[in-house]
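Undergrad: Numbering (our numbering), first residue to last: 3 to 189. Can you read through this structure? Questions will come right after.
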Ligand code: PAN
Ligand code: ZN
């Protein structure tokens, strides 16, 4: 008897790109990130069509117990003194966690709980990040190459961006040639 063996999608460890028949890709441009960076004048001086990050996702079944798999590719760069970053979010279903795996580049994962307490994890090729439930998350590219990280999260999680409209409690900037995390009052 011949048991058929199928070829699953694969991810290239060097650049985080998927090899799959079916994929979904979404680019977020600078102009989409309204009120995300603290220096509004610097943000306005960047052409709105400048790509900041791209998320590529495998097609997967959706529903209770199902998982999404996607890679975020975050370009290097700054808006004023603040490093490029993803918008960041809580999950709509707050209790749902997520796993990130660093693949390329170097940066930070900003995590913040519902009490507003923020912390940072170093992202590098091979770093594994367990994002607990009830924790907002944002990637920040502090390096000079694209930061790519693979993520796995429940399809039922959903994204809540509005809860962080005031911003996170930490901003990561280049100050006097150093990467600095600054605590801020209102994001
Ligand atoms: C990731 C993020 C991705 C883009 O797939 O959605 O990095 O960040 P924003 O969604 O904050 O724009 C994830 O955390 N999914 O749950
Ligand atoms: Zn998430």
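Even glycine gets a Cβ: it sits at the ideal position worked out from N, Cα and C.
(1) Check whether the Cβ atoms of residue 140 and residue 73 sit closer than 9 Å, and answer yes or no.
(2) Is the segment 97-107 touching the segment 37-54, taking contact as three or more C-beta pairs under 8 Å?
(3) Would you say residue 20 touches ligand 1, meaning its beta carbon is less than 8 Å from a heavy atom?
(4) What is the rounded straight-line gap between the Cα of residue 138 and the Cα of residue 132?
(5) Within 10 angstroms of the Cβ of residue 104, are there 16 or more other Cβ atoms? Answer buried if so, exposed if not.
(6) Quick check on DSSP: helix, strand or coil for residue 46?
(7) Can you list the alpha helix (DSSP H) stretches of 4 or more residues lying completely in the segment 50-85, in chain order?
(8) Am I right that residue 152 and residue 109 are in contact with their C-beta atoms under 8 Å? What's the rounded C-beta distance?
(9) Can you name the residues that DSSP bridges to residue 40?
(10) Can you tell me where the beta strand (DSSP E) holding residue 30 begins and where it ends?
(11) For ligand 2, is there a heavy atom less than 8 Å away from the beta-carbon of residue 133?
(12) Taking the beta strand (DSSP E) that residue 133 belongs to, which residues open and close that run?
TA: Let me lay it out:
(1) Residue numbering aside, residue 140 sits at position 138 when the chain shown is read from its first letter. Residue numbering aside, residue 73 sits at position 71 when the chain shown is read from its first letter. Cβ distance not < 9 Å, so residue 140 and residue 73 don't count as in contact.
(2) no
(3) On the chain shown, position 18 is the one that residue 20 refers to. Checking every heavy atom of ligand 1 against the Cβ of residue 20, none is found closer than 8 Å.
(4) Here residue 138 is taken as the residue at index 136 of the chain shown, counted from 1. Here residue 132 is taken as the residue at index 130 of the chain shown, counted from 1. Answer to the nearest angstrom: the Cα atoms are 12 Å apart.
(5) One-based indexing of the chain shown puts residue 104 at position 102. It counts as buried.
(6) Your numbering for residue 46 matches position 44 in the chain shown. Residue 46: helix per DSSP, three-state reduction.
(7) none
(8) Locating residue 152 in the chain shown gives position 150, where the first residue counts as 1. Locating residue 109 in the chain shown gives position 107, where the first residue counts as 1. With 8 Å as the limit, residue 152 and residue 109 do not qualify as a contact, their Cβ atoms being about 14 Å apart.
(9) Residue 40 sits at position 38 when you count from the first residue of the chain shown. Paired residues: none, contrary to the question.
(10) Start at 1 with the first residue of the chain shown, and residue 30 comes out as number 28. Looking at the DSSP string, the run of the beta strand (DSSP E) that includes residue 30 is 25-31.
(11) Here residue 133 refers to the residue found at position 131 of the chain shown. True, at least one ligand heavy atom lies under 8 Å from that Cβ.
(12) As a working note, residue 133 is residue 131 in the chain shown. 130-133 is the extent of the beta strand (DSSP E) around residue 133.
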